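Chemist: Residue numbers (this note's numbering), protein chains in the order written: chain A, 7 to 120; chain B, 522 to 637.
This structure is in C-alpha cells; I'll ask about it shortly.
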Amino acid sequence: DSGVTQTPKHLITATGQRVTLRCSPRSGDLSVYWYQQSLDQGLQFLIQYYNGEERAKGNILERFSAQQFPDLHSELNLSSLELGDSALYFCASRGTSGRSGELFFGEGSRLTVL
Amino acid sequence: GDSVTQMEGPVTLSEEAFLTINCTYTATGYPSLFWYVQYPGEGLQLLLKATKADDKGSNKGFEATYRKETTSFHLEKGSVQVSDSAVYFCALKWKNSGGSNYKLTFGKGTLLTVNP
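See below:
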C-alpha cells in the first residue's frame, strides 16, 4: 500500500460527459502529480500541484483541469469526454524530505468512455 | 526537452533466464535515473535508482548502472522469476529539479512476462 488513495477505481461514461477523479496523497505529502497511462502514449505527465498551487504542466488538454485543496487532496476534472480519453489515470505524491526521487503512486482510476 | 527511450516490448522469458531491458535518455545536465515497476492491477512503485554517473542501483536482484558516456541505464537481472512479470518503466529527473519543482519523465514501459 503506497498510502495514496484514488477514487473511483473504475468509471464508465459516455462521450461528451464530465467526470471528476479524486486523489488523497500520503499523509504529509505536499506535492500531487497526475499522469495518464494509455496503450499508445505510455505514461504521460499531466500536471503537478504543490501545497495548493500549480507547479508544472505537461500534456494536459484544455478540456482537463485540476486543483489541490487546502487539505491537500486533489481532483482532476475531465470534460467533453472523447473516446480517446479512455485511459488509466494515476495520481502520485512526493514527500518534502528524505527518499529523494521517489514518487508514490495510487492504484489508478480506469476511465472508459463509450 | 528531456526524454527517455526504452526497448519496445513485450519481452517474454522463461524462468531463470537473464533479463536486459534497455533504456537511454536525453537530458541537459546530469539527471537522476530510475526504474519503476508496475505489477498487474497496481500503481507504479520505485524499483531502483542512481543519482550520478557510474552509480549502480540495485534491488530485488535487479541492477542498473548509470552510464554517462552512453546515456544509458539498462535494467538487468540474472535469473528472473514468474513473480517478476510486470511492466517496467525507466524514468529521469533533471538534477536541479527538486523541492516544489520536481518532475519525472517516464519511458513508455516494457511489459515483461516470465513463464514457468
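Note that CB positions come from ideal geometry on N, CA and C, so glycine has one too.
All values derive from a computational prediction rather than experimental measurement.
Between the stretch 94-101 of chain A and the stretch 536-556 of chain B, are three or more C-beta pairs nearer than 8 angstroms?
Modeler: Too few Cβ pairs lie closer than 8 angstroms, so no.
Chemist: Count the CB pairs spanning the stretch 557-566 of chain B and the stretch 540-549 of chain B that are closer than 8 angstroms, and state whether there are at least three.
Modeler: They do not touch, by the three-pair rule.
Chemist: Just to make sure I have the definition right: I need the residues of chain B whose C-beta is within less than 9 angstroms of the C-beta of GLY58 of chain A. Which are they?
Modeler: Result: empty, since nearest Cβ-Cβ is about 11 angstroms, beyond 9 angstroms.
Chemist: Does ALA62 of chain A get closer than 9 angstroms to chain B when you measure Cβ to Cβ?
Modeler: Yes - at least one Cβ of chain B is within 9 angstroms of the one on ALA62 of chain A.
Chemist: Measuring straight from C-alpha to C-alpha, what distance separates THR526 of chain B and GLY58 of chain A?
Modeler: So the alpha carbons of these two residues sit roughly 32 angstroms apart.
Chemist: Assess, as a yes-or-no matter, whether the stretch 532-545 of chain B is touched by the stretch 26-42 of chain A under the definition of 3 or more beta carbon pairs within less than 8 angstroms.
Modeler: Touching, no, given that fewer than three Cβ pairs across the two stretches are closer than 8 angstroms.
Chemist: I need the straight-line Cα distance from SER37 of chain A to GLY22 of chain A, nearest angstrom please.
Modeler: Going from the Cα of SER37 of chain A to the Cα of GLY22 of chain A covers about 30 angstroms.
Chemist: Exposed or buried, ILE18 of chain A, counting other C-beta atoms within 10 Å across all chains shown (16 or more means buried)?
Modeler: Flag for ILE18 of chain A reads exposed.
Chemist: Could you name the residues that DSSP lists as bridge partners for TYR609 of chain B?
Modeler: For TYR609 of chain B, which the question treats as bridged, DSSP gives the partners B:VAL558 and B:THR631.
Chemist: CB VAL10 of chain A to CB GLY112 of chain A, shorter than 9 angstroms?
Modeler: Result yes, Cβ atoms of VAL10 of chain A and GLY112 of chain A sit closer than 9 angstroms.
Chemist: Thinking C-alpha only, which one of A:SER115, A:SER71 and A:LEU82 is nearest ARG95 of chain A?
Modeler: In the sequence under discussion, the amino acid at residue 95 of chain A is Tyr, which differs from the Arg named in the question. Comparing Cα-Cα distances from TYR95 of chain A to each of A:SER115, A:SER71 and A:LEU82, the minimum goes to A:SER115.
Chemist: Could you tell me which of A:LEU87, A:PHE51 and A:LEU84 sits nearest to SER524 of chain B, measuring between CA atoms?
Modeler: Taking only the C-alpha atoms, the option nearest SER524 of chain B is A:PHE51.
Chemist: Rounded to whole angstroms, what is the Cα-Cα separation between SER8 of chain A and ARG32 of chain A?
Modeler: Answer to the nearest angstrom: the Cα atoms are 8 angstroms apart.
Chemist: What is the DSSP secondary structure of LEU109 of chain A, reduced to helix, strand or coil?
Modeler: LEU109 of chain A: coil per DSSP, three-state reduction.
Chemist: Just checking: is the beta-carbon of VAL10 of chain A within a distance shorter than 9 angstroms of some beta-carbon in chain B?
Modeler: With 9 angstroms as the cut-off, VAL10 of chain A counts as an interface residue toward chain B.
Chemist: Taking any Cβ of chain B, which residues in the stretch 71-101 of chain A have a Cβ under 8 angstroms from it, in chain order?
Modeler: Within the stretch 71-101 of chain A, the residues whose Cβ lies closer than 8 angstroms to some Cβ of chain B are PHE96, ALA98 and ARG100, listed in chain order.
Chemist: Looking only at its own chain, which residues have a Cβ that is under 8 angstroms from the Cβ of VAL603 of chain B, when we skip the five neighbours before and after it?
Modeler: Correct list, in chain order: GLU536, VAL635, ASN636 and PRO637.
Chemist: Extract the residue ranges of the beta strand (DSSP E) inside the stretch 530-608 of chain B, only unbroken runs of 3 or more that lie entirely within it.
Modeler: As far as the stretch 530-608 of chain B is concerned, its whole beta strand (DSSP E) runs of at least 3 residues are 532-535, 540-542, 544-547, 553-559, 565-571, 577-580, 583-586 and 596-598.
Chemist: Pick out whichever of A:PHE70, A:PHE110 and A:GLY48 has its Cα sitting closest to the Cα of GLU88 of chain A.
Modeler: When each option's Cα is compared against that of GLU88 of chain A, the closest is A:PHE70.
Chemist: Go through its chain and collect everything with a Cβ distance to GLY630 of chain B's Cβ below 8 angstroms, but skip five positions before and after it.
Modeler: Same-chain partners within the cutoff: GLN527, GLY530, GLN559, VAL608, TYR609 and PHE610.
Chemist: Suppose the cutoff is 8 angstroms on Cβ atoms and the five residues either side in sequence are ignored; what does the same chain contact list for GLY628 of chain B look like?
Modeler: Same-chain partners within the cutoff: VAL525, THR526, GLN527, CYS544, PHE610, CYS611 and ALA612.
Chemist: Please tell me whether GLN47 of chain A has its Cβ less than 9 angstroms away from any Cβ of chain B.
Modeler: Output row for GLN47 of chain A: interface = yes.
Chemist: On the DSSP letters alone, give me the boundaries of the beta strand (DSSP E) that ALA98 of chain A sits inside.
Modeler: Segment 93-100, the beta strand (DSSP E) holding ALA98 of chain A.
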